[in-house]
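Participant:
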Ligand SMILES: Nc1ncnc2c1ncn2[C@@H]1O[C@H](COP(=O)(O)OP(=O)(O)OP(=O)(O)O)[C@@H](O)[C@H]1O
Ligand SMILES: [Mg+2]
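Protein chains in written order, with our numbering: chain A, 667 to 908; chain B, 153 to 393.
#1: Mind checking whether the beta-carbon of residue 346/B lies closer than 7 Å to any heavy atom of ligand 1?
#2: Of the residues that make up the region 278-293 of chain B, which ones have a beta carbon closer than 7 Å to any beta carbon in chain A?
#3: Where do the N-terminal and C-terminal ends of the beta strand (DSSP E) with residue 242/B fall, by residue?
#4: Would residue 186/B pass as a contact of residue 272/B if the rule is Cβ separation under 8 Å?
#5: Let me check understanding here. Comparing Cα to Cα, which of 788/A, 755/A, 814/A lies closest to residue 310/B?
#6: Starting from the beta carbon of residue 808/A, find every residue of chain B whose beta carbon is closer than 8 Å, and list them in chain order.
#7: When you get a sec, list the residues whose CB is within less than 5 Å of any heavy atom of ligand 1, chain order please.
#8: Since I believe residue 895/A is in contact with residue 872/A (beta carbons under 8 Å), could you give me their beta-carbon distance rounded to a whole number of angstroms?
#9: Once DSSP output is grouped into helix, strand and coil, what is the label at residue 327/B?
#10: Please tell me whether residue 191/B and residue 221/B are closer than 8 Å, where the distance is taken between their beta carbons.
#11: Report yes if the CB atom of residue 770/A is closer than 8 Å to the CB atom of residue 300/B, and no otherwise.
#12: From this set, 374/B, 338/B, 354/B, 334/B, which residue's C-alpha is nearest residue 228/B's C-alpha?
#13: Starting from the beta carbon of residue 766/A, find every residue of chain B whose beta carbon is closer than 7 Å, and list them in chain order.
#14: Nearer than 7 Å: is that true of the beta carbon of residue 737/A relative to any heavy atom of ligand 2?
#15: Taking Cβ positions only, does residue 682/A come closer than 8 Å to chain B?
#16: Looking at C-alpha atoms only, which residue of 384/B, 359/B, 376/B is the closest neighbour of residue 154/B?
#17: Start and end of the alpha helix (DSSP H) containing residue 297/B?
#18: Note down, in chain order, each residue of its chain lying with its Cβ closer than 7 Å to the Cβ of residue 342/B, except the 5 sequence neighbours on either side.
#19: What does the alpha-carbon distance come out to for the pair residue 242/B and residue 235/B?
#20: So the alpha helix (DSSP H) residue 779/A belongs to, where does it begin and stop?
#21: Flag this pair as yes or no: are the beta carbons of residue 761/A and residue 714/A separated by less than 8 Å?
#22: For residue 870/A, which residues in the same chain have their Cβ closer than 6 Å to its Cβ, ignoring the five residues on either side in sequence?
#23: Three-state secondary structure (DSSP) at residue 671/A?
#24: Let's see if you can read the secondary structure: which residues bound the alpha helix (DSSP H) around residue 828/A?
#25: What residues of chain B sit near residue 796/A, judged by a beta carbon separation below 7 Å?
#26: Would residue 885/A be called buried (16 or more neighbouring beta carbons within 10 Å of its own) or exposed?
#27: Name the DSSP bridge partner or partners of residue 216/B?
#28: List the residues of chain A whose Cβ lies closer than 9 Å to the Cβ of residue 275/B, in chain order.
#29: For residue 855/A and residue 842/A, I'd like the C-alpha separation in whole angstroms.
#30: I need the straight-line Cα distance from residue 380/B to residue 672/A, nearest angstrom please.
#31: In terms of alpha-carbon separation, which member of 178/B, 276/B, 384/B lies closest to residue 257/B?
#32: Would you call residue 728/A buried or exposed, if buried means 16 or more other Cβ atoms sit within 10 Å of its Cβ?
#33: Do you know how far the Cα of residue 348/B is from the Cα of residue 246/B?
#34: I'd like the list of long-range same chain contacts for residue 159/B, defined as Cβ closer than 7 Å, with 5 residues on each side in sequence excluded.
#35: Taking 7 Å as the cut-off, does the CB of residue 876/A come closer than this to any heavy atom belonging to ligand 2?
#36: Give the straight-line distance between the Cα atoms of residue 683/A and residue 690/A, rounded to the nearest whole angstrom.
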């Protein structure tokens, strides 16, 4: 579904990504972890072309992300993305957040878009909040709306960039629960997170990054059983301590 | 101060001094309104251009803003009135078809429109940039095009955020219309000076003008405050993003 082949990226003279390769098969859940500044966000943003890259190739469902003639809005509409800071549209109601792109991008009627939005709000447990504005919701609620907004486009895959790291601890689980359900339904997911409990529960593979490189890319059991690289071992021992 | 002066006839005029000031006020309001519309449209375009990732567009926008911000307004009036028609033959041809009043009016609107647009462009740019990268990415990520992302995501918030500075730009514009007296437009300040010079009742004339300028500025202020309240986003705390 998502194939990342030998990606390299520079910010000016600074190399953020070095020869990164990995893949996410249909229905697979891949967790990406690694120390701060290792390039996780940059890599995941390359997948839906929010960040350009200078070398290598990424294809999503056979479409080359970096190719000049790729219709990026069309490609992005098929890939859901959830951000660390939610990034709901603050001037739109919760329902309007869910219907905007359905109407403007997919050309659905407002009625169809609203029906879809209502079903998704129900699913993330926020049916009662459709008329509220993002600023009136808690962080956990906002992030669930953000997931629903992405799902409203019927994506073929979902990208998550540290979806719970801006949340107060007591709100993390309500978001993770939604993600676990998604994973169990067979959604293709690439998830940057340090929530190792989530990784253990639903991930198929774990990718470990450090200094812009993919150091380890292993099935979950192998990664948690005995990571091969020292850097991954060190990282795991650090984050599992707390 | 004697108010009866306002009821006296203007020598060689067809009304009282009060009517003369009122007609000046009409020109002032007309110029301010049309220049504001022009400035808002142009300023939005240029402000947006300066936030795109096209280098040449941002350069062009930056140059535009610097150009109109760095030339004194009075000089700009003279440039538009005397110099520009001479530089562009088609403009010259068109200007000769206008009567003097129309020429002054068009010049005042165009000059203040461009001048104010540069200032609005600056506000629009800073408003959009205050939204940071995240909102733009969120718009792109759901499949909106760049134009749609500006239209539905970035600009609605940016405009809300910049209502206070836009209010002061509107008030500046209203005050700047007085400079149009320099090319002979018979707006409020022109009529005020005229009244002072012809009657030597400067105090009454300028007291009236001062009052009128204060009232229209305050009215503009109120209108903007009303708009600000009308479009306020429930629960949104500026800068919480
Ligand atoms: N726009 C930019 N210009 C220059 N350098 C950047 C830019 N964005 C990110 N970087 C650098 O690229 C590197 C990778 O950043 P990235 O955000 O991908 O890391 P990350 O693994 O997601 O970290 P975190 O866990 O803190 O989110 C960092 O060193 C960062 O400072
Ligand atoms: Mg990151």
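Beta carbons are placed, not taken as given, at the ideal position from N, Cα and C, and that holds for glycine.
Facilitator: So, to answer that:
#1: The residue given as residue 346/B occupies position 194 in the second chain. Residue 346/B Cβ: outside cutoff for every heavy atom of ligand 1.
#2: 286, 287, 289, 290, 292, 293
#3: To locate residue 242/B, count along the second chain from 1; it is residue 90. No beta strand (DSSP E) holds residue 242/B; the alpha helix (DSSP H) holding it covers 241-248.
#4: For the purposes of this step, residue 186/B is taken as residue 34 along the second chain, with counting starting at 1. For the purposes of this step, residue 272/B is taken as residue 120 along the second chain, with counting starting at 1. It is not a contact, given that the beta carbons lie outside the stated cut-off.
#5: For this step, residue 310/B is matched to residue 158 along the second chain. Selected option, being the one with the closest Cα: 755/A.
#6: What you label residue 808/A is simply residue 142 of the first chain in a count that begins at 1. The contacting residues do not exist; residue 808/A stays about 10 Å from chain B at best.
#7: 677/A, 682/A, 702/A, 703/A, 704/A, 705/A, 706/A, 707/A, 708/A
#8: Indexing the first chain from 1 puts residue 872/A at position 206. Indexing the first chain from 1 puts residue 895/A at position 229. Residue 872/A to residue 895/A, Cβ: 12 Å. No contact.
#9: The residue given as residue 327/B occupies position 175 in the second chain. Residue state, collapsed to three classes: helix.
#10: On the second chain, residue 191/B is found 39 positions in, with the first residue counted as 1. On the second chain, residue 221/B is found 69 positions in, with the first residue counted as 1. The answer is no: Cβ separation not under 8 Å.
#11: Counting from 1 along the first chain, the entry for residue 770/A is found at position 104. Counting from 1 along the second chain, the entry for residue 300/B is found at position 148. Cβ distance < 8 Å, so residue 770/A and residue 300/B count as in contact.
#12: The residue you call residue 228/B lines up with position 76 of the second chain. It is 334/B.
#13: Along the first chain, one-based indexing puts residue 766/A at 100. Neighbours of residue 766/A on chain B, chain order: 304.
#14: If you number the first chain from 1, residue 737/A lands on position 71. Outside the cutoff, so no.
#15: In the first chain, residue 682/A corresponds to position 16, counting from 1. No, residue 682/A does not count as interfacial toward chain B.
#16: Indexing the second chain from 1 puts residue 154/B at position 2. Comparing Cα-Cα distances from residue 154/B to each of 384/B, 359/B, 376/B, the minimum goes to 359/B.
#17: Within the second chain, numbered from 1, the residue matching residue 297/B stands at position 145. That residue, residue 297/B, is in no alpha helix (DSSP H); it is neither H nor E in DSSP.
#18: Counted from its first residue, the second chain places residue 342/B at position 190. Excluding residues within five positions, the ones whose Cβ falls inside 7 Å are 176, 333.
#19: Taking the second chain and counting its residues from 1, the one referred to as residue 242/B is at position 90. Taking the second chain and counting its residues from 1, the one referred to as residue 235/B is at position 83. Each residue's Cα considered, the two are about 13 Å apart.
#20: Within the first chain, residue 779/A is the residue found at index 113, counting from 1. Per DSSP, residue 779/A belongs to the alpha helix (DSSP H) from 776-789.
#21: Numbered from 1 along the first chain, position 95 holds the residue referred to as residue 761/A. Numbered from 1 along the first chain, position 48 holds the residue referred to as residue 714/A. Going by C-beta atoms, residue 761/A is not nearer than 8 Å to residue 714/A.
#22: In the first chain, the residue the question calls residue 870/A occupies position 204. These residues qualify, in order along the chain: 694, 695.
#23: Residue 671/A sits at position 5 when you count from the first residue of the first chain. Correct three-state label for residue 671/A: strand.
#24: Residue numbering aside, residue 828/A sits at position 162 when the first chain is read from its first letter. Element bounds for residue 828/A: n/a, residue is neither H nor E.
#25: Along the first chain, one-based indexing puts residue 796/A at 130. None at all; the shortest Cβ gap to chain B is about 14 Å.
#26: Taking the first chain and counting its residues from 1, one reaches residue 885/A at position 219. When all chains shown are included, residue 885/A counts as exposed.
#27: Here residue 216/B is taken as the residue at index 64 of the second chain, counted from 1. Paired residue(s): none; residue 216/B is not in a bridge.
#28: The residue given as residue 275/B occupies position 123 in the second chain. Ordered by position in chain A, no residue passes the 9 Å Cβ test against residue 275/B, which lies about 18 Å from the chain.
#29: As a working mapping, residue 855/A is identified with position 189 in the first chain. As a working mapping, residue 842/A is identified with position 176 in the first chain. Their Cα atoms are separated by approximately 13 Å.
#30: For the purposes of this step, residue 380/B is taken as the residue at position 228 of the second chain. For the purposes of this step, residue 672/A is taken as the residue at position 6 of the first chain. Cα to Cα, residue 380/B sits roughly 50 Å from residue 672/A.
#31: Taking the first residue of the second chain as 1, we reach residue 257/B at position 105. When each option's Cα is compared against that of residue 257/B, the closest is 178/B.
#32: Here residue 728/A corresponds to residue number 62 of the first chain, with the count starting at 1. It counts as exposed.
#33: Walking along the second chain from the start, residue 246/B turns up at place 94. Walking along the second chain from the start, residue 348/B turns up at place 196. If you take the alpha carbons of residue 246/B and residue 348/B, they lie about 35 Å apart.
#34: As a first step, residue 159/B must be located in the second chain, where it is residue number 7. The answer, listed in chain order, is 168, 170.
#35: By 1-based counting over the first chain, the position of residue 876/A is 210. No, ligand 2 has no heavy atom inside 7 Å of this Cβ.
#36: The sequence position of residue 683/A within the first chain is 17, counting from 1. The sequence position of residue 690/A within the first chain is 24, counting from 1. Spanning the two alpha carbons is a distance of roughly 18 Å.
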